Every structure is written in structure tokens, then in C-alpha cells.
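Novice: In terms of this note's numbering, the sequence shown is residues 42 to 245. The beta-carbon is built from N, C-alpha and C at its ideal position, and this holds for glycine as well. The structure displayed is predicted, hence computed values, not measured ones. Handing you this structure, nothing more for now.
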Amino acid sequence: MATLVTDPDLAEQLIKDRKFRGIDQRDEVWEGVYVMTPAPNDEHQDLVGGFTHVLRETIDHCQLGKSRPGVNLSDRVEDWTRNFRCPDVVVFLNDTTAEFHNTFWLGGPDLAIEVVSPEDQSREKLSFYEKIGTRELLIVDRDPWQLELHRLAGKKLVLAGTSTLADPVWLVSETVPLKLRLQPDEKRPVIELVTSNNEKKWRI
């Protein structure tokens, strides 16, 4: 359930309390509106850790660029905290057009990953990711489980493919040397990732 707080004093108190308790790391601001995102559960963190590990090995260690969990992305330099989003994982290749500004990045990453949590607004971020020029966006949904790969075509992020348990097709990235698909497993579905040359494989 979403809650709208119009009392500025109460809003300021809530924000200060979240910062004091250290639970504001994933909070965002959408055109001046402070968005308090739900805390990630253990499964969410496990997936983010898995993606981070794979991308560190395939991007950072191969000197193709930088992968990062949970960075701030904005569409402006001045007063950037008025409008920013925090995807779960991002990749900036060496020739990225995005600019690093110490506490945030101006412009879109080459790849952004959003792991959907209950009551979050991952899909509502698509227009922002389009605006800043995100080249690819992977959405990991868990209810029901599916993977969606969106790719920038012109100025729009369009659906390039979907992998489900019923139809576990490979989704091939055009920005990082990986393909991935959903696979069944005992406790929960897993995401299988394979390098473009098929030399390495991971299951997260």
C-alpha cells in the first residue's frame, strides 16, 4: 500500500529517521517526490550479489568497464538529488557516454538490472531509464518468475525478449558478453548465465 505524506514537517522527520537508521540506501527522488523503497529480502540480495559477482568477472576483471551495485543515476548535474533512481546493478563500459560525478552518474548505463520486490515501482522507472539513455535494462520478476530484457531503440526501451519457466529462451545481451535464461531448481528458479564464447557458466 502506497502512502502519500503532504505534511512537510512529518516528511522531513521520516526522511531523517530513515537516514539515521541507515535504511535509506535504496530510496529515490522522482522529480522532487521522495520515494521510500521497500527493504530487499534475502532472496533479492542473493540475486544482486550473484549478478555483481558474474559482472565483476566478465566486465571488471576483463577491463571492459565497471559494474556496480546500487548507484545513483540522474538526468542533471545541478540539484541532481531532485531526480535520481537507484537500480540494483549497473554496468558502464569503457566507452560509456555517462559521466561520473563522485556521488552519482549523469546519463544512462550500458546495462541496468532491476530485481522486482513486492510493492516496488521497477517498471515505472522505464521512462526515466529511456530519458537518460540506458542501453539495456534487465527486469527480474519473481511473482511469477520471469526475465525481461529491454533494449534501447531510438529513444524508447523496447522488449527484446522474455524468459520464463514455461519458455526458458536465451536472452542475449548486446552490451555485455553474456546470455541468460530462467531454469527450474529445487528451492526456487535459478538464472543461468553463460559467456558469449560458452567458456563459463553460472547459476544464481
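In the structure shown, what three-state DSSP assignment does ASP208 receive?
Specialist: The sequence position of residue 208 within the sequence shown is 167, counting from 1. ASP208 falls in the coil class under three-state DSSP.
Novice: So, for LEU246: in the same chain, excluding its five sequence neighbours on each side, which residues have a beta-carbon less than 6 Å away from its beta-carbon?
Specialist: With the chain represented from 42 up to 245, any question about residue 246 goes unanswered, as that position is not in the structure.
Novice: Short of 8 Å in beta carbon distance, which residues of its chain neighbour GLN104, apart from the five on each side in sequence? Order them along the chain.
Specialist: Mapped onto the sequence shown, residue 104 falls at position 63. If we look at GLN104 and ignore the five residues flanking it on each side, its Cβ neighbours are ASN135.
Novice: What is the DSSP secondary structure of VAL95, reduced to helix, strand or coil?
Specialist: Position 54 of the sequence shown, counted from the first residue, corresponds to residue 95. Here VAL95 sits in helix by DSSP.
Novice: Let's test the definition: count the other Cβ atoms within 10 Å of the Cβ of LYS228 and tell me whether it reaches 16, buried, or not, exposed.
Specialist: Numbered from its first residue, the sequence shown carries residue 228 at position 187. Looking at its Cβ environment, which holds fewer than 16 other Cβ atoms inside 10 Å, LYS228 is exposed.
Novice: Are there 16 or more other CB atoms within 10 angstroms of the CB of ALA153, so buried, or fewer, so exposed?
Specialist: Your numbering for residue 153 matches position 112 in the sequence shown. ALA153 should be labelled buried.
Novice: Quick test of the definition: if touching needs 3 or more C-beta pairs under 8 Å, does the region 81 to 90 touch the region 142 to 150?
Specialist: Result no; under three Cβ-Cβ pairs closer than 8 Å.
Novice: Rounded to whole angstroms, what is the Cα-Cα separation between LEU212 and VAL118?
Specialist: What you label residue 212 is simply residue 171 of the sequence shown in a count that begins at 1. What you label residue 118 is simply residue 77 of the sequence shown in a count that begins at 1. In a straight line, the C-alpha of LEU212 is about 34 Å away from that of VAL118.
Novice: Using the beta-carbon count (16 or more within 10 Å), is ALA207 buried or exposed?
Specialist: The residue labelled residue 207 in the question sits at position 166 within the sequence shown. Exposed, by the Cβ-count rule.
Novice: What's the C-alpha gap between VAL131 and LEU179?
Specialist: Start at 1 with the first residue of the sequence shown, and residue 131 comes out as number 90. Start at 1 with the first residue of the sequence shown, and residue 179 comes out as number 138. If you take the alpha carbons of VAL131 and LEU179, they lie about 10 Å apart.
Novice: Return the chain-ordered list of same chain residues with a C-beta closer than 7 Å to the C-beta of VAL156, the five sequence neighbours on each side being excluded.
Specialist: The residue you call residue 156 lines up with position 115 of the sequence shown. Hits under 7 Å: HIS85, LEU88, VAL89, ASP129 and VAL181.
Novice: Rounded to the nearest angstrom, how far is the Cβ of GLU177 from that of SER214, given a contact under 8 Å?
Specialist: The residue labelled residue 177 in the question sits at position 136 within the sequence shown. The residue labelled residue 214 in the question sits at position 173 within the sequence shown. Contact flag correct, Cβ pair sits at about 6 Å.
Novice: Taking the CB atoms as reference points, tell me whether SER108 and ARG123 lie closer together than 9 Å.
Specialist: Locating residue 108 in the sequence shown gives position 67, where the first residue counts as 1. Locating residue 123 in the sequence shown gives position 82, where the first residue counts as 1. Not closer than 9 Å, so no.
Novice: For HIS191, list the residues DSSP reports as bridge partners.
Specialist: For the purposes of this step, residue 191 is taken as the residue at position 150 of the sequence shown. LEU178 and LEU200.
Novice: Could you please give the first and the last residue of the uninterrupted beta strand (DSSP E) stretch that includes SER108?
Specialist: Here residue 108 corresponds to residue number 67 of the sequence shown, with the count starting at 1. Residues 106 to 110.
Novice: Buried or exposed, going by whether 16 or more other CB atoms sit within 10 Å of the CB of GLY106?
Specialist: For the purposes of this step, residue 106 is taken as the residue at position 65 of the sequence shown. Flag for GLY106 reads buried.
Novice: Return the CA-CA distance between GLN187 and PRO159, expressed in angstroms with no decimal places.
Specialist: For the purposes of this step, residue 187 is taken as the residue at position 146 of the sequence shown. For the purposes of this step, residue 159 is taken as the residue at position 118 of the sequence shown. Answer to the nearest angstrom: the Cα atoms are 15 Å apart.
Novice: From TRP121, ILE173, PRO150 and GLN162, pick the residue whose C-alpha is nearest to that of GLY73; which is it?
Specialist: Here residue 73 corresponds to residue number 32 of the sequence shown, with the count starting at 1. Taking only the C-alpha atoms, the option nearest GLY73 is TRP121.
Novice: Would you list the residues sitting across from THR236 in a DSSP beta bridge?
Specialist: Position 195 of the sequence shown holds residue 236. In DSSP, THR236 forms a bridge with LEU219.
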